[in-house]
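Visitor: Offset between the sequence shown (1-based) and this note's numbering: plus 1406.
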Amino acid sequence: MKVTVVGAGNVGATCADVLAQREIANEIVLLDIKEGFAEGKALDIWQKAPINLYDSRTIGSTNDYSKTANSDVVVITSGLPRKPGMSRDDLIATNAGIVKTVTENIIQHSPNAIIVIVSNPLDVMTYCAYLNAKVDSSKVFGMAGVLDTARYRAFLAEELNVSPKDIQAVLMGGHGDTMVPLPRYTTVAGIPVTELISPEKLDEIIERTKFGGGEIVKLLGTSAWYAPGAAAAQMVEAIVRDQKRIFPVCAWLNGEYGLKDIYLGVPVVLGKNGIEKIIELQLNTEEKALLDESAKAVKSVMDVLDNMNVNA
1407 MKVTVVGAGN
1417 VGATCADVLA
1427 QREIANEIVL
1437 LDIKEGFAEG
1447 KALDIWQKAP
1457 INLYDSRTIG
1467 STNDYSKTAN
1477 SDVVVITSGL
1487 PRKPGMSRDD
1497 LIATNAGIVK
1507 TVTENIIQHS
1517 PNAIIVIVSN
1527 PLDVMTYCAY
1537 LNAKVDSSKV
1547 FGMAGVLDTA
1557 RYRAFLAEEL
1567 NVSPKDIQAV
1577 LMGGHGDTMV
1587 PLPRYTTVAG
1597 IPVTELISPE
1607 KLDEIIERTK
1617 FGGGEIVKLL
1627 GTSAWYAPGA
1637 AAAQMVEAIV
1647 RDQKRIFPVC
1657 AWLNGEYGLK
1667 DIYLGVPVVL
1677 GKNGIEKIIE
1687 LQLNTEEKAL
1697 LDESAKAVKS
1707 VMDVLDNMNV
1717 NA
C-alpha cells in the first residue's frame, strides 16, 4: 500500500508522520518543490521508526512525481498558507494554479489514486482538483468536516469536562465561516448534547468552531497543522483499511440535499473506493436554510474560479 502526500510543510509533514506512526501504508512518499525539504522531513520521520516502533517507510522527493507512481491514495496540501488578515478567497488564483499542476502530475503517474484535498480555500480547491483529475467524483474529495467536527468536539469536551472520545457530532456546509454545526445530531455517549449544556453556551461553542481556523491564525501567525494533518491521515486510514467510516467530507453533490454541481461538506461513508455513499440527513427548516446559505457562499467562490479560466 502506497500513499503520497504532496506538500511537505507543516500540515503535509504532520499527515505523513501520523500515517507512518499508525503504519497505515507500507510506503509514504512526501513531495515538495523546495529542494531537499521533503527528503529531510521524510528522513527525520524514518529515523523515528526505531524509537516509536513502526515499519512504514517514508521517502522524500523534490518535485519528482515518478516517485509517487502507483499511489493508492494521494493527499494534496500544496499552496500558500493563510496569513493574518487574509481571506480564503484571496488565495484562489495562486493556489488553483498549484493544485491544477499537482493534480495533473498525480493522475499521470497514479491514474487510479483516490485524491484527498487539504489545500485552501478547501471547497474550491477540491473543485479545481476534480476538474483537472477528470475521474469520478467519488475519488476526489476534501478534508474539512473531519477537522471542523474535531474542533467542535474538543470545545464541547472542554466545556463539559468529559472525554472527547465520547462526543459524536455532524457538521455540514462549506469550510469556513458559513459551516453548519448540527446540535440536533451532537451526542455525548449517546446523550443529546442539548440535555447537557445551555443553548447560550452551545451557541458560543458553535461560533468558536466556525472561526476555529482564524483563532489559530491569530495566535500563531499561520494556519494550524497538527489537527489538519491528523484529520487527513484519519481519512486516508478509512480508505486504505476499508473501514466504512462515516465522516463529514467535502463531496460533489448531484441532487443530494436539493443541491447540484457543487462541492460541499456532507456526511459520507468512506472506504476503499473513496466516497461509497453520501448520507442524506432529514434536516429541519432552519438547518436546511443554513446549508443553502453556506452552499450559496461556496458556489460564489466556485464561480470566481470558473471565471479565472485557470482550468482551461
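Even for Gly, the Cβ is constructed at its ideal location relative to N, Cα and C. All values reported here derive from a predicted model rather than from experimental measurement.
For the candidate residues N1469, T1600, T1500, L1553, whose alpha-carbon lies nearest to that of G1413?
Guide: N1469
Visitor: For K1506, count the other beta carbons within 10 Å of its own beta carbon; 16 or more makes it buried, fewer makes it exposed. Which is it?
Guide: buried
Visitor: Quick one: measure Cβ to Cβ for I1430 and E1643, integer angstroms, because I've assumed they're closer than 8 Å.
Guide: 5 Å
Visitor: Whose CA, out of A1575, G1548, F1547, V1424, lies closest to the CA of R1559?
Guide: The shortest C-alpha separation from R1559 is found at A1575.
Visitor: Secondary structure at E1682, three-state DSSP: helix, strand or coil?
Guide: strand
Visitor: With a threshold of 6 Å on Cβ separation, who are the neighbours of K1447 within its own chain once the five nearest residues in sequence on each side are excluded?
Guide: The answer, listed in chain order, is A1414, A1419, L1436.
Visitor: Return the CA-CA distance between E1621 and M1585, expressed in angstroms with no decimal places.
Guide: 15 Å
Visitor: Throw me the rounded Cβ distance for the A1639 and L1425 pair, which I believe falls under 8 Å.
Guide: 5 Å
Visitor: With a CB to CB cut of under 6 Å and the five nearest residues on each side skipped, what residues in its chain are close to Y1669?
Guide: D1529, T1532, Y1533, C1656, W1658
Visitor: Restricting to runs no shorter than 3 residues, where is the beta strand (DSSP E) found entirely within the segment 1425–1485?
Guide: Runs of the beta strand (DSSP E) inside the segment 1425–1485: 1433–1438, 1463–1468, 1479–1482.
Visitor: Report the option in N1518, S1484, V1707, L1625 whose CA atom is closest to the CA atom of N1476.
Guide: When each option's Cα is compared against that of N1476, the closest is N1518.
Visitor: Using the DSSP secondary-structure output, state which residues sit across from W1658 in a beta bridge.
Guide: Y1669
Visitor: Between the C-alpha atoms of S1472 and Q1514, what's the straight-line distance to the nearest angstrom?
Guide: 9 Å
Visitor: At 3 residues or longer, what runs of the beta strand (DSSP E) sit wholly inside the segment 1509–1547?
Guide: 1520–1523
Visitor: Quick one: grab the DSSP three-state call for K1506.
Guide: helix
Visitor: Using 8 Å as the cut-off, can you tell me whether the segment 1589–1606 makes contact with the segment 1567–1581, which would need three or more C-beta pairs spanning the two stretches below that distance?
Guide: Per the Cβ contact rule, the segment 1589–1606 is in contact with the segment 1567–1581 (3 or more Cβ pairs under 8 Å).
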